[in-house]
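Residue 193 in the working numbering sits at position 181 of the sequence shown; the count goes up by one each step and never skips. Glycine residues also receive a C-beta, built at the ideal position from the N, C-alpha and C atoms. Since the structure is predicted, the reported quantities are computational estimates derived from the model, not experimental observations. Presented below is the structure to which this report refers.
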Amino acid sequence: MAILNVTPDSFYAGSRMPDRAAVERRVREALDQGASMIDVGGYSSRPGADEVPVEEEWRRVALGVETVRRMAPGMTVSVDTFRSEVIRRTVGEFGRVVVNDISAGELDPGMLPLVAAHDLPYVAMHMKGTPQTMQSQTDYRRDITTEVVDYFRGRVAAMTAAGIRRERIILDPGFGFAKTAGQNFALLAGLHRLCDEGFPVLAGLSRKSMIYRTLGCTPAESLAGTVALGWECLRQGARILRVHDVREAVDTVKLFNAFRS
Numbered sequence: 013m014a015i016l017n018v019t020p021d022s023f024y025a026g027s028r029m030p031d032r033a034a035v036e037r038r039v040r041e042a043l044d045q046g047a048s049m050i051d052v053g054g055y056s057s058r059p060g061a062d063e064v065p066v067e068e069e070w071r072r073v074a075l076g077v078e079t080v081r082r083m084a085p086g087m088t089v090s091v092d093t094f095r096s097e098v099i100r101r102t103v104g105e106f107g108r109v110v111v112n113d114i115s116a117g118e119l120d121p122g123m124l125p126l127v128a129a130h131d132l133p134y135v136a137m138h139m140k141g142t143p144q145t146m147q148s149q150t151d152y153r154r155d156i157t158t159e160v161v162d163y164f165r166g167r168v169a170a171m172t173a174a175g176i177r178r179e180r181i182i183l184d185p186g187f188g189f190a191k192t193a194g195q196n197f198a199l200l201a202g203l204h205r206l207c208d209e210g211f212p213v214l215a216g217l218s219r220k221s222m223i224y225r226t227l228g229c230t231p232a233e234s235l236a237g238t239v240a241l242g243w244e245c246l247r248q249g250a251r252i253l254r255v256h257d258v259r260e261a262v263d264t265v266k267l268f269n270a271f272r273s
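Following this line, the structure appears as structure tokens:
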């Protein structure tokens with residue numbers, strides 16, 4: 013899953029695509045390097061990110077989705093948003109997409125019914141609070157993996173009660189969202205437990221602070237760490253890697269599959 017941030021403020025400067033020319037360059041790059049899916053986001057979810065009005069988020073998402081549809085009509089597109097209004101407009105204008113929701117439906121009560129009504133694939137992520145507050149909510153009663161697994165059992169019940177089919181559900185443990193560095197590594201060590209729940213798991217570790225702060229470097233210098241942890245996610249059963257660096261992730265998947273076979 014190639015990240016396409018149509019934003020001016022994403023945490024990794026190299027992923028910011030604020031205008032049409034930059035978006036087109038990024039889409040062409042992702043296609044050339046072998047992406048399986050392009051994830052379009054118009055609202056930075058980095059810790060402490062500014063609030064984005066829904067109309068501005070929609071403008072950004074529409075720019076990204078339109079570009080992908082025009083340049084690669086057969087490419088799978090996901091939309092990274094927690095707002096049902098953005099998905100409603102996207103489906104109305106561009107057709108079916110994958111929904112990538114950092115809140116697992118908890119920030120917008122209209123999201124789950126809308127996803128069910130259109131029978132859309134749905135990525136549900138674990139987070140506490142909002143992007144503005146999540147890093148102040150890192151207290152958990154039990155170990156982080158148990159907390160995340162139990163959270164998803166409850167959210168899967170809510171999704172299926174809303175009418176979302178189980179085969180449409182993908183789980184994202186939410187590395188870096190309401191988690192300390194230590195909790196992120198503990199969650200990585202226990203990722204197989206989430207994979208054992210029977211749903212495809214998406215891992216989004218690319219260039220995150222658990223890598224660059226541990227290594228004492230910057231996000232721009234954290235590619236090697238991203239590749240290393242991506243392999244570990246695959247080893248434990250993750251099915252999708254959400255990344256900034258497509259070629260390196262594609263190579264990682266190819267090598268992992270060769271190793272496994």
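With 16 as the cutoff for other CB atoms within 10 Å, does Arg72 come out buried or exposed? Buried, by the Cβ-count rule.
Of the residues Glu105, Pro133, Ala261, Tyr152, which one's Cα is nearest the Cα of Asp113? Pro133
Where the beta strand (DSSP E) containing Met49 begins and where it ends: 49-53
CB contact flag (Ser218, Thr238, <7 angstroms): yes
For Leu214 and Ala250, which I take to be in contact (beta-carbon distance under 8 angstroms), what is that distance rounded to the nearest angstrom? 7 angstroms
Quick one, are the C-beta atoms of Val127 and Val109 less than 7 angstroms apart? no
Which word fits Asp208, buried or exposed, when buried means at least 16 other C-beta atoms lie within 10 angstroms of its C-beta? Using a 10 angstroms sphere on the CB of Asp208, the tally of other CB atoms stays under 16, which defines it as exposed.
Leaving aside the five residues before and after Glu159 along the sequence, list all residues of the same chain whose C-beta is less than 6 angstroms from its C-beta, in chain order. Tyr152
Inter-residue Cα distance where the pair is Ile15 and Arg154: 32 angstroms
Under a Cβ-count criterion, where at least 16 other Cβ atoms within 10 Å of its own Cβ denotes burial, should Arg178 be classed as buried or exposed? exposed
Any idea if Phe271 is buried or exposed, counting beta-carbon neighbours within 10 angstroms, 16 or more meaning buried? Result: exposed.
Quick one: what's got a C-beta closer than 6 angstroms to Gly186's C-beta in the same chain, skipping five residues either side? Met137, His138, Met139
Within 10 angstroms of its Cβ, does Pro65 collect 16 or more other Cβ (buried), or is it exposed? exposed
Alpha carbon to alpha carbon, how far is Gly117 from Ile181? Give it in angstroms, no decimals. 12 angstroms
Val265 to Gly242, Cα distance in whole Å? Val265 and Gly242: Cα-Cα distance of roughly 9 angstroms.
Take the Cβ of Thr145 as the centre, count every other Cβ of all protein chains shown within 10 Å, and call the residue buried at 16 or more, exposed below. exposed
Does DSSP put Tyr152 in a helix, in a strand, or in coil? coil
Which residues bound the alpha helix (DSSP H) around Val80? 66-83
Run the CB neighbour count on Thr226, radius 10 Å, all protein chains shown included, and call it buried at 16 or more, exposed below. exposed
Give the secondary structure of Leu16 by DSSP, where H, G and I count as helix, E and B as strand, and everything else as coil. strand
Which class does Val98 belong to by DSSP, given the choice of helix, strand or coil? helix
CA-CA distance, Ile50 and Arg37? 13 angstroms
Give a yes or no on whether the C-beta atoms belonging to Val39 and Trp70 are separated by under 7 angstroms. In this structure, the beta-carbon distance from Val39 to Trp70 does not fall below 7 angstroms.
Member of Met123, Leu206, Gln147, Ala129 whose CA lies at the smallest distance from the CA of Asp162: Leu206
Span separating the alpha-carbon of Asp263 from that of Arg101: 35 angstroms
Taking Arg289 as the reference, give the member of Val135, Thr192, Thr142, Ile156 with the closest Cα. Not covered by the structure: residue 289. The range shown for the chain is 13 to 273.
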